[in-house]
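One structure below.
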Amino acid sequence: MKPFLLITTRGEDSEAADEHAAYCRLTGLLPEDLEWRRIDRSPLGPVDFAAYSGIILAGSPFTVSEPAEKKSATELRVEGELARLLDRVVEQDFPFLGVCYGIGTIGAHQGARVDRTYGETSQAVRIRLTEAGARDALFHELPPAFDAFVGHKEAISEVPPSIVVLASSPTCPVQAFRVGRNVYATQFHPELDTASFSSRVRAYASHGYFHPAEVDAILERVETADVRASHMVLGRFVEEYLDSRVVVATVA
């Protein structure tokens, strides 16, 4: 089988390793079937679409809406590499799933407004499929309403015509979308279960997602959340695109 490609940008070794393990666990893929590139450490390099079933862009401490002058050289490099990758992804409609940072990255690429209007503190929220989501090939097997973990400073506040909104919540109108037939993004985290989300909360307690004094209360609420339905997004992505039937160019 052709592997999937996971692109991550977490600087902390333990959190990055946990993230890769979570994607393996919840996609059902073996580590050798989920190639991992940490582009915070080194450039993305060539990506031969013909060698992969699909691409997943994980969440990140990076933010799309931060002014360029406040971004590190690494973050600016990453943004440029991802923009060039997305040019090809969208042009070829190649199977792609962006998570959290991914929704802002793809959204900005498509001309969406990404700002801090609909940021959400770390928590589980109730998300509902839109009519388009209920008909979508990837999302239609999810329940009409489900809980998922979120935690983000920025989100999409204005949607361009090329984006089809698939899921929404009262505090964040764009929780998932599709571009074309095969390019997807979620604001929520389908790769996080209770243990991994709790670890993430502890690791990022001082990163501005919430006040550090709220950690214990957040962890207590997390223990009662049932987010299993949100994990279906990953499983469906792998099921739909394993050994992708999408015809792509082989130019790296």
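Everything in the sequence shown is counted per UniProt numbering, starting at 1 for the first residue and increasing by one.
Here a beta-carbon is modelled for each residue, glycine too, at the ideal position from N, C-alpha and C.
- Given a length threshold of 3 residues, each whole run of the beta strand (DSSP E) inside the segment 5 to 46 is given here in chain order: 34 to 38.
- When beta bridges are read from the DSSP output, glycine 133 appears opposite no residue.
- Residue range 96 to 99 is occupied by the beta strand (DSSP E) that includes glycine 98.
- About 7 Å separates the Cβ atoms of valine 47 and leucine 5, confirming a contact at the 8 Å cut-off.
- Contact between isoleucine 39 and valine 78 holds, with the beta-carbon distance rounding to 6 Å and staying under 8 Å.
- The distance from the Cβ of isoleucine 103 to that of valine 179 is about 11 Å, inconsistent with a contact at the 8 Å cut-off.
- Ranked by Cα distance from proline 67, the options Tyr184, Val183, Val114, Phe197 are led by Val114.
- Assigned with DSSP and collapsed to three states, glycine 54 falls in strand.
- Pairing leucine 44 with leucine 85, the inter-Cα distance amounts to about 9 Å.
- Taking C-beta separations shorter than 7 Å and ignoring five residues to either side along the sequence, the partners of arginine 236 in its chain run Leu138, Glu141, following chain order.
- Taking the C-beta atoms as reference points, alanine 16 is found nearer than 8 Å to threonine 8.
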